[in-house]
Amino acid sequence: MSAEQTVGMAQRPAEKKSTRPGIDWRGRLLDRAPFLVACLMLALIIAIYGSLQSGVFSLDELNLDTAAAMTLMLAATGQTIVLVRGGIDLSIGGMISIGTVIAATRFTDDPSTVALWSLVILALGFLIGALNGLLISLLKLQPFLVTLATWSILNGVAMIILPTDGGSVPSWWVGFASAQLVGLTSPVWMLLALLVVWWWFRATRVGIAIQATGSNEKSAFLSGVSITRVNLVTYGLSGLFAAGAALFLVTQTGAGSPTIGKDYILPSVAAAVIGGVSLFGGRGHLAGTLIGAFVLTLIGNLVFVLHVSSYWQPVASGIILLLSVLASSVAEKAARNRVQ
Amino acid sequence: MDLVTVKGLSKRYGGIVALSEATFSACAGEVHALLGENGAGKSTFIQILSGAVQHDGGSILVDGQDYRPANPDAAQALGIAAVFQELSLIPDLSVEQNIWFRHEPRTLLRTVNRAEMRRKTLALLDKYSFPALRPDQELRRLTLAERQIVEIAKGLAKDPRILILDEATSALPAREAEWLLKLTRQLATEGRLVIFISHRMAEVRAIADRLTIFRNGSTVAAHEANAVSDNEIVTQMIGRHLDRLYPERVSTATDLIALRVSNLSSGSRLTGVDFALREGEVLGVGGLQGHGQRELFQALFGATRATGAIELWGKPTSIGNPRQALTGKDGIALVPEDRRGQGLLLTKSVRENLTLSVIRRFTENGLLSRQKEAALVKEMVDFLRIKAGTPEQLAGTLSGGNQQKVIFGKMLLTQARVLLLYDPTRGVDVGTKGEIFQLMRDLAAKGYAILFHSSDMPELVHVADRVLVMRNGRIAATLEGDRISEAGILRAAMLESEAA
Ligand SMILES: Nc1ncnc2c1ncn2[C@@H]1O[C@H](COP(=O)(O)OP(=O)(O)O)[C@@H](O)[C@H]1O
Ligand SMILES: [Mg+2]
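Chains as they are written, first to last, in our numbering: chain A, 1 to 340; chain B, 1001 to 1500.
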């Protein structure tokens, strides 16, 4: 470079861009648009529900609805972790079924037996999930295919353990879902616990590595992330939460069912997507998923109080899903145009 | 004693030999340049050093110890960090999260200590006088150059003994590139080894103590930097004598106006731009980086919204989106800035990349004619001398220069005769650069009209028939004939702005 040029460089009008962070409000708003849309939807549904039914704005209603949504919430929590990693887990359906049938056939009135088998179910959930993760990494297979296969296998095993709906769990286990502490039932406390654990988990190195792998796997690898370990942990956690969902589900049904799990596969994905979790990985939060789960659950209530055929429920859920996907794609486009 | 000694290193990808019998040695406290044409194996070499891929044969000694990292983590543990050509950043994390990724400072709860991370980020950016970056900004909102800078910060955050920079300056504007050169010297003074890959001879000259030259996967020579001439280096790199980099400038411009732009504006980035590009002309667009050049190209291609009038071959055109801009003989074709992101489908073959956007040309009665396609692909591959094993090789595995040629081919196949070339030689080796300039002149002679931006000023000076100098989103000057010089461009780009 010539001397003249070097001097010139120094005189170049400095680009005014401060190192000190100012907050990019519009950007943040756009990033959160899908989540905000989900909140709006929930508010709207609650408003309609509240105008048709009395006593909607009460603690009792909160306790009831949370209990109704909790199985889906637990399943969707696992699903959210997997989606943020950029994968998908269909096998949770099988895991939930297996969990309920093991509980319904092994639980006795003796609390220590229940504790033992609960641990077995949770451990099984984690291990089967981890196996999913291992297969995906080692065989370099699509998560969709691997978890579809494990779902089918688990489903079969559940049928072998308990061919038809039945069995039972002790009544004190059923009572767990309505146990109260300072006016709030255990499902509400679980909901809060989920949020706290998520908030913690997302800020740990493992949590960040999972998000990063979902955002860009190649970059994560080049940065030293072990993709195999990430898959092991993500799918393991997903299985663990599915097992937890099963344990909660039997408090609601009081029995085991070898087929019930499939009812949670797609809703768990839908709840996450409604809440703004990206199917492409890297983006989304549990708060959104939980809101999504509430939306899907309350739609059921709404259909009930409107006295229309219950077949309207899936129709309404589908429309809401479409609306939220639309909202996030509009927001994404707006955000992209801003960068240019 | 040498810090790194490499002997007989080899690496194959299926049938493709990326490295064979490469040797290398470098010691602490030096800047060691690694030179070679695109595809010579430089990136493969540094990927092996940094643990991203594993070698098939040969040995690497670091500090006299046998070294064979199983993954990037193992390499980093030994103090070896790389600034990768394809970047290793996470789009959904913030700048500071990216810099400290996997090494974040933590609180007692094992969560990321944000305050500490911010403090360390600012300290790091300050220590090495980094250009302005906002630590909290999400990476996907940054420009390519800013990302490159973040990647450098990320490498330095590991406080490595060996830092490898793979074509790090190629994505940087002049001022930032100069900063990086200073930084590189500073790192060597601190006793680190910097392995520096660049296609810009001036940079290598400015900072390298020693250099190693690769050709076709093997080491052809290693020199003390001041004991060898530019010509010798280039000859050893390309294995033949290169007479001249720039083709002779014979203006082939006619009076026919191919592209007339009036009062083109887009937000605050582009204001009232007027110019005319003639048939057979190579029109340069210069000026300091970030003064509207990118926006001009994007607006012309319809990738950003803009107001104003555009006439193509005398016909008023509204260019709404890239798809519209592409069509037919009267259309516009663009070679984009970020070839890996926008220009190429990395996981598709060379053939598919060439023909996807013009698939209609190979259809007869609604059926795809594979023969016709194959013939055109072959013609393009030969014409551009694209070095690929077969047309079915994945574009992502080609070297940079060959990827760029594929984009050229794609653009030529659209048959558009107004070409927008945005920094087409970025990250391309000298040999291929020469070919690209010659190609531009040949196309101009055939009646194509070319709008050409380069971040390398000498290229504008030697290749363009006229140069538009942009400043603050306007055209500050149009240089012609003898007035085209680096000094002239710089003066128009900066000095008058002080009066304004
Ligand atoms: N993943 C891969 N698969 C197949 N071929 C590859 C791959 N990576 C690199 N190559 C080939 O190896 C050779 C060396 O490439 P590279 O190391 O990127 O060269 P350079 O960095 O010197 O331009 C090229 O011919 C390239 O096409
Ligand atoms: Mg390279």
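For every residue, glycine included, the Cβ atom is placed at its ideal position computed from N, Cα and C.
Cβ neighbour criterion (16 or more within 10 Å) applied to residue i
i                : result
T1148 of chain B : Sequence inspection shows Gln at residue 1148 of chain B; the Thr mentioned does not correspond to that position. Burial call: buried.
I319 of chain A  : exposed
R1001 of chain B : Looking at the sequence provided, one finds Met at residue 1001 of chain B rather than Arg. Exposed, by the Cβ-count rule.
V305 of chain A  : exposed
D1230 of chain B : exposed
L116 of chain A  : exposed
S112 of chain A  : exposed
Q79 of chain A   : buried
R1385 of chain B : exposed
S1318 of chain B : exposed
Q11 of chain A   : Model confidence at Q11 of chain A stands at a pLDDT of 34, short of 50, so the residue's coordinates are unreliable and nothing is read from them.
L1293 of chain B : It should be pointed out that residue 1293 of chain B corresponds to Gln in this sequence rather than to Leu. Label assigned to Q1293 of chain B: buried.
A1227 of chain B : exposed
A1375 of chain B : exposed
D1465 of chain B : buried
Nearest-angstrom Cβ-Cβ length linking residue i and residue j, presumed shorter than 8 Å
i                : j                : result
A1081 of chain B : L1163 of chain B : 6 Å
T105 of chain A  : G256 of chain A  : 6 Å
S1198 of chain B : A1033 of chain B : 7 Å
I1332 of chain B : L1420 of chain B : 6 Å
G50 of chain A   : P1091 of chain B : 41 Å between Cβ atoms; not a contact.
I98 of chain A   : V157 of chain A  : 6 Å
L1264 of chain B : A1299 of chain B : 6 Å
S1251 of chain B : S223 of chain A  : 50 Å between Cβ atoms; not a contact.
A1208 of chain B : A1225 of chain B : 4 Å
A243 of chain A  : I121 of chain A  : 5 Å
R987 of chain B  : S1369 of chain B : No answer is possible for residue 987 of chain B: it lies beyond the span of chain B, which begins at 1001 and ends at 1500.
Euclidean distance between Cα positions of residue i and residue j
i                : j                : result
T164 of chain A  : V197 of chain A  : 36 Å
S1050 of chain B : I1213 of chain B : 19 Å
P258 of chain A  : T228 of chain A  : 31 Å
V978 of chain B  : V1358 of chain B : Since the first and last residues shown for chain B are 1001 and 1500, residue 978 of chain B lies out of range.
A1253 of chain B : L323 of chain A  : 54 Å
G1191 of chain B : G1029 of chain B : 4 Å
T289 of chain A  : F57 of chain A   : 22 Å
A245 of chain A  : T100 of chain A  : 9 Å
L247 of chain A  : L1354 of chain B : 55 Å
A287 of chain A  : R85 of chain A   : 17 Å
E1176 of chain B : F1130 of chain B : 9 Å
A1018 of chain B : I1238 of chain B : 16 Å
T1143 of chain B : T1189 of chain B : 30 Å
R1200 of chain B : E1167 of chain B : 9 Å
A75 of chain A   : L42 of chain A   : 20 Å
I153 of chain A  : I274 of chain A  : 29 Å
L83 of chain A   : H1453 of chain B : 41 Å
N1216 of chain B : N1402 of chain B : 14 Å
I1257 of chain B : L1211 of chain B : 48 Å
A271 of chain A  : V295 of chain A  : 8 Å
D1073 of chain B : V225 of chain A  : 8 Å
R1441 of chain B : K1348 of chain B : 30 Å
Bridge partner(s) assigned by DSSP for residue i
i                : result
E1311 of chain B : B:R1260 and B:P1316
M1470 of chain B : B:I1475
G1286 of chain B : B:V1469
H1103 of chain B : For H1103 of chain B, which the question treats as bridged, DSSP gives no partner whatsoever.
R1459 of chain B : Here residue 1459 of chain B turns out to be Glu, not Arg, going by the sequence shown. In DSSP, E1459 of chain B forms no bridge with anything.
F57 of chain A   : For F57 of chain A, which the question treats as bridged, DSSP gives no partner whatsoever.
F280 of chain A  : DSSP output for F280 of chain A lists no bridge partner at all.
S1218 of chain B : B:R1215
T1363 of chain B : B:L1368
I153 of chain A  : Paired residue(s): none; I153 of chain A is not in a bridge.
S1025 of chain B : B:T1005
E1224 of chain B : B:R1210
Could you name the residues of the stretch 1064-1077 of chain B whose beta carbon sits closer than 8 Å to any beta carbon of chain A, in the order they occur along the chain? N1071, P1072, D1073 and Q1076
Which of the residues in the stretch 1032-1051 of chain B, read from start to end, lie with their CB under 7 Å from any CB of chain A? none
Short of 9 Å Cβ to Cβ, which residues in the stretch 1082-1099 of chain B face chain A? A1082, F1084, E1086, L1087, S1088, L1089, I1090, P1091, D1092, L1093, Q1097 and N1098
If the cut-off is 8 Å on Cβ atoms, which residues from the stretch 226-257 of chain A count as contacting chain B, listed in chain order? S226
Select from the stretch 1097-1120 of chain B all residues with a C-beta closer than 9 Å to any C-beta belonging to chain A, and list them in chain order. Q1097, N1098, F1101, R1102, H1103, E1104, R1106, T1107, L1109, R1110, T1111, V1112, R1114 and R1118
Using Cβ-Cβ distances below 7 Å, what residues of the stretch 1140-1155 of chain B are close to chain A? R1141
Just by C-beta distance, which residues in the stretch 299-329 of chain A are closer than 9 Å to chain B? none
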